[in-house]
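Residue numbers (the numbering used here): 1301 to 1385.
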């Protein structure tokens, strides 16, 4: 009887060890995948930030060009108004 109990206990311990190993392996895999995901998202976020910075710079340049053209247009209108044909 004791031999049977010992055998059952040994099987339970072996099953427990196997489940624990599987659980640990799964946790390690999830940690690795999460790390990879964080790295990938960090790279994508950096690209988005760089794109936004570039767009803001281009927008500022465009706004300056529009302001310059509006000023030239106003000066041209004023010059034409003073010429009186």
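Ideal Cβ positions, reconstructed from N, Cα and C, are used throughout, including at glycine.
Alpha helix (DSSP H) segment containing residue i, residue limits
i, result
"residue 1301", "First-last for residue 1301: undefined, no H or E at that position."
Neighbour flag for residue i against chain D, beta carbons, 9 Å
i, result
"residue 1328", "The question asks about chain D, but that chain is absent: this structure has only one protein chain."
Query raised in the report: Curious, which full-length beta strand (DSSP E) runs of at least 3 residues does the region 1303-1380 contain?
Result: none
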